[in-house]
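In terms of the numbering used here, the sequence shown has 508 at position 13, counting the first letter as 1, and numbering is strictly consecutive. Beta carbons: idealized from backbone N, C-alpha and C, even for Gly.
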Amino acid sequence: MLNGALYYKDERLQCRIIDESQADDFYEILAGMDAYITDYSSAVFEAGFAKIPSFIYADDISKYSNDRGSLYWNLTTDPHDHVTNNKAAHPDMDLIFPFPIATNNNEMDSIEVVTKLDLMSFMKK
Numbered sequence: 496m497l498n499g500a501l502y503y504k505d506e507r508l509q510c511r512i513i514d515e516s517q518a519d520d521f522y523e524i525l526a527g528m529d530a531y532i533t534d535y536s537s538a539v540f541e542a543g544f545a546k547i548p549s550f551i552y553a554d555d556i557s558k559y560s561n562d563r564g565s566l567y568w569n570l571t572t573d574p575h576d577h578v579t580n581n582k583a584a585h586p587d588m589d590l591i592f593p594f595p596i597a598t599n600n601n602e603m604d605s606i607e608v609v610t611k612l613d614l615m616s617f618m619k620k
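Structure below.
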């Protein structure tokens, strides 16, 4: 299930992707997810709390940051670094978030957790 603006272009999965952007209740949709891919939506935290593998696809991070300013978290594509809270926005917090980030489809394909998801289990549902 994806939010309308984000489409992961894997032909094997296109017929299995549901656009949840018009859904009335995100939590009903969340209950049916095997994984959650988003751009900058704070819903990634809801999915994370539900222990659903969650990923950030930020193919326009530079433009987004220039247009909208800083985020509540610091995004990094360095596989040895962590996504953390923005200390300027929340100086009293010191958080590390478990969400891998990709800035293009090749990076998304290379995220180890994504590649280990059982695609056959997706296809059977």
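Please determine, among the options, the residue with the shortest C-alpha to C-alpha distance to residue i.
i	options	result
residue 569	548, 546, 593	593
residue 595	542, 581, 549	549
residue 537	567, 590, 584, 579	567
residue 578	558, 527, 507, 540	540
residue 544	552, 531, 535	531
In its own chain, which residues sit with a C-beta less than 7 Å from the C-beta of residue i, not counting the 5 before and 5 after it?
i	result
residue 554	598, 599
residue 556	570, 598
residue 590	579, 580
Name the two residues that bound the continuous beta strand (DSSP E) containing residue i.
i	result
residue 549	549-552
residue 531	531-533
Where do the ends of the alpha helix (DSSP H) carrying residue i lie?
i	result
residue 522	521-526
residue 636	As displayed, the chain neither begins before 496 nor continues past 620, which places residue 636 out of reach and without an answer.
residue 545	It is not in any alpha helix (DSSP H) - residue 545 carries neither H nor E in the DSSP assignment.
Near residue i, what residues of its chain come up, given a Cβ to Cβ distance below 6 Å and the 5 sequence neighbours on each side ignored?
i	result
residue 518	524
Closer than 8 Å by C-beta to residue i: which residues in its own chain qualify, once you throw out the five before and the five after it? Chain order, please.
i	result
residue 522	541
Checklist entry - Going along the chain, which unbroken runs of the alpha helix (DSSP H) with 4 or more residues stay wholly within the segment 560-609? => result Here the runs fully enclosed are 600-605.
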